[in-house]
Amino acid sequence: MPGIQGGESGRERRSRPAKDSNRRRPSTAEQPQRVSLQACGFEAIPDGQLLAHLLALTTEGKEADADRLADRLLHHFGSLTDVMAASTPRLRQIARLDERGLLSIRLVWEVAARLAWQETVRQPLLATTPALLTYCQMRLARERVDQVRALYLDAQHHLIADERHQVGAAGTVEVYPREILRRALELDAAGLIVARGRIRESARLSADDRSSAKALEVGGQVLGIRLADYVVIARDGHCSYRSERRGR
Numbered sequence: 038m039p040g041i042q043g044g045e046s047g048r049e050r051r052s053r054p055a056k057d058s059n060r061r062r063p064s065t066a067e068q069p070q071r072v073s074l075q076a077c078g079f080e081a082i083p084d085g086q087l088l089a090h091l092l093a094l095t096t097e098g099k100e101a102d103a104d105r106l107a108d109r110l111l112h113h114f115g116s117l118t119d120v121m122a123a124s125t126p127r128l129r130q131i132a133r134l135d136e137r138g139l140l141s142i143r144l145v146w147e148v149a150a151r152l153a154w155q156e157t158v159r160q161p162l163l164a165t166t167p168a169l170l171t172y173c174q175m176r177l178a179r180e181r182v183d184q185v186r187a188l189y190l191d192a193q194h195h196l197i198a199d200e201r202h203q204v205g206a207a208g209t210v211e212v213y214p215r216e217i218l219r220r221a222l223e224l225d226a227a228g229l230i231v232a233r234g235r236i237r238e239s240a241r242l243s244a245d246d247r248s249s250a251k252a253l254e255v256g257g258q259v260l261g262i263r264l265a266d267y268v269v270i271a272r273d274g275h276c277s278y279r280s281e282r283r284g285r
């Protein structure tokens, strides 16, 4: 994901003394060495230990349970980003998280998305703006359904509004250029970016995407609304209508 870096899985373990000899403690291979937040600082904590700390604070189990849950989640999903972006049913299935643990992960992801949003609105936008790509990746590529978002811009390319245009099952979502352009007129927008998220396909422009982008481009010219770009966001990256046109 642009702007979000994965880290270590935190699988290297060292055992620690058991507090209760009658209670089974994780083996050396299972349990991370907990580090002191005050001593090392948050930035020095590997992903696995960071996740374990979060789960220990929010789950109803003990610290050792949080260690095992963090290890299991990272082993299955592969990275901290993919854990935090995973759907609630998958988290419940893989790690059997309780409701407090599930809520904590959803809240952290939403906070991260809103921070990315704040970075987005501070600057003039093009579809290749790194902050915008990060935001779109968070909002679109990790969803369980396909969706289309329309980002409306003023004359200086600052964001006026970000609205969901369509949502639905994979492969069934259509783009309606007239509706998007009508909404742009209502907002007095001078430009727009359309971002389409695909959950099961690679990042590529389909024939329908090109047709929709062309209709938005031609209709926008008549109305004085510039199509800044039309991008497809997928788990494996993104592609751009403008970039494809320039490459021809």
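So the number in the numbering used here is just where the residue sits in the sequence shown, counting from 1, plus 37.
Just so it is clear, CB atoms sit at the ideal spot from N, CA and C, and this is done for glycine as well.
Chain C contact for residue i (CB, 8 Å cutoff)
i: lysine 251; result: Looking for chain C here will not work: only one protein chain is present.
Rounded straight-line distance, which links the Cα of residue j to that of residue i
i: glutamine 86; j: leucine 117; result: 10 Å
i: alanine 192; j: tyrosine 267; result: 18 Å
i: leucine 134; j: leucine 144; result: 15 Å
i: leucine 222; j: glycine 256; result: 12 Å
i: glutamine 174; j: alanine 149; result: 12 Å
i: isoleucine 197; j: alanine 244; result: 29 Å
i: histidine 194; j: isoleucine 262; result: 11 Å
i: alanine 232; j: alanine 240; result: 12 Å
i: alanine 250; j: leucine 110; result: 39 Å
i: arginine 137; j: leucine 152; result: 23 Å
i: valine 259; j: histidine 275; result: 28 Å
i: proline 167; j: aspartate 102; result: 38 Å
i: serine 124; j: glutamine 184; result: 16 Å
i: alanine 132; j: histidine 90; result: 16 Å
For residue i, the three-state DSSP class (helix, strand or coil)
i: isoleucine 82; result: coil
i: glycine 274; result: strand
i: glycine 234; result: strand
i: aspartate 119; result: helix
i: alanine 265; result: strand
i: serine 124; result: coil
i: arginine 137; result: helix
i: arginine 241; result: coil
i: glutamate 45; result: Bear in mind that a pLDDT of 43 at glutamate 45, under 50, signals an unreliable position, so the number given afterwards is only what the model happens to contain. Glutamate 45: coil per DSSP, three-state reduction.
Close beta carbons around residue i, own chain, < 8 Å, minus the five adjacent residues each side
i: leucine 140; result: Thr95
i: arginine 61; result: Confidence at arginine 61 is low in this model, with a pLDDT of 39, below 50, so its placement is unreliable and the value that follows should be read with caution. Cβ within range, chain order: n/a, list empty.
Integer Cβ distance of residue i from residue j, believed to fall under 8 Å
i: leucine 177; j: alanine 226; result: Wrong, their Cβ atoms sit about 20 Å apart, outside the cutoff.
i: valine 182; j: glycine 205; result: 6 Å
i: leucine 170; j: isoleucine 217; result: With a Cβ gap of about 20 Å, leucine 170 and isoleucine 217 do not count as contacting.
i: isoleucine 270; j: glycine 234; result: 5 Å
i: leucine 92; j: alanine 107; result: 6 Å
Cβ neighbours of residue i in the same chain (closer than 7 Å, five flanking residues each side left out)
i: aspartate 199; result: Arg186 and Leu188
i: tryptophan 146; result: Met121 and Ala122
i: leucine 128; result: Leu134, Leu139 and Ile142
i: aspartate 273; result: Ser239 and Ala240
i: leucine 303; result: Not covered by the structure: residue 303. The range shown for the chain is 38 to 285.
Close-in-space but distant-in-sequence residues of the same chain around residue i (CB under 6 Å, 5 per side omitted)
i: arginine 282; result: none
i: glutamine 203; result: Val185 and Val210
Complete beta strand (DSSP E) runs within the region 167-230 (minimum length 3 residues, chain order) = 183-190 and 196-205
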